[in-house]
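Presented below is the structure to which this report refers.
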Amino acid sequence: MGIKQLAARMVGVDIFDLDACKVSGIIVTNVPIYSPRAIAEMGVTQAMYLLRRIGEFEQRMSHGDFRWSDDLISNEIYNLTVGIVGLGNIGGATAQIYKALGAKVLAYDPSYNVEYEP
C-alpha cells in the first residue's frame, strides 16, 4: 500500500524531494494560502516585542527592579523604516500592517512584475 500523498500544511513544498515523489507515484499537495494575515500579525508582534524591549522590562520587573533607566527607552514604529523581502500574501499583509502603524516600508521581491501594478 505505502504512502500515496504528502499534504503540506504550508505554502512551500521545497522541503520534499519532488522528483523522488513523482517517481514513487506520491502526490504532493499544499495549502496555497495559509493564514497570511495571522502569520503577518505574529511577525509584527514579535518585532514589537523586540522593538519595545519587553523581554528586558520583564526580566527586570521579575527581579523586583522597577527603577527608571535611560537605557530602556525604546523606538516607536512610526519613526522607523521597515524592510520586507518578498511581497507575496504574507509579505504584502505585513507591509499593510506596518504602513497602518505609520512606518516607512521598503520592500524587495525578486519575482515582482511591474505589469501587475494597478
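If you count the sequence shown from 1, position 3 lands on -7 in the numbering used here, and the numbers rise without skipping. For glycine and all other residues, C-beta sits at the position ideal for the given N, C-alpha and C.
The alpha helix (DSSP H) enclosing residue i, as first and last residue numbers
| i | result |
| --- | --- |
| tyrosine 102 | Careful: tyrosine 102 lies outside any alpha helix (DSSP H) and carries neither H nor E. |
| alanine 30 | 26 to 41 |
C-beta atoms of residue i and residue j nearer than 9 Å
| i | j | result |
| --- | --- | --- |
| proline 26 | isoleucine 80 | yes |
| leucine 109 | tyrosine 39 | Outside the shown range of the chain (-9 to 108) lies residue 109, about which nothing can therefore be said. |
C-alpha gap between residue i and residue j, whole angstroms
| i | j | result |
| --- | --- | --- |
| proline 108 | leucine 96 | At proline 108 the pLDDT is 44, less than 50, meaning the model places this residue with poor confidence; the figure from the coordinates comes in the next sentence. Near 18 Å, if we compare the C-alpha coordinates of leucine 96 and proline 108. |
| isoleucine 16 | aspartate 4 | 15 Å |
| isoleucine 63 | lysine -6 | 55 Å |
| lysine 89 | tyrosine 68 | 9 Å |
| threonine 71 | leucine 8 | 39 Å |
| glutamate 31 | glycine 54 | 31 Å |
| valine 34 | glycine -8 | 42 Å |
| aspartate 61 | arginine -1 | 42 Å |
| serine 14 | threonine 84 | 38 Å |
| arginine 42 | isoleucine 23 | 30 Å |
Cβ-based neighbour list, residue i, same chain, cut-off 6 Å, excluding 5 preceding and 5 following
| i | result |
| --- | --- |
| tyrosine 98 | Val75 |
| threonine 19 | Ala(-3) |
| glycine 73 | Leu96 |
| alanine 10 | none |
Of the residues the options, the one placed nearest residue i, counting alpha carbons only
| i | options | result |
| --- | --- | --- |
| glycine 2 | Ala10, Val21, Lys12 and Val13 | Val21 |
| isoleucine 44 | Ile29, Ala28, Tyr24 and Glu66 | Glu66 |
| alanine 28 | Gly82, Gly92, Leu91 and Ala93 | Gly82 |
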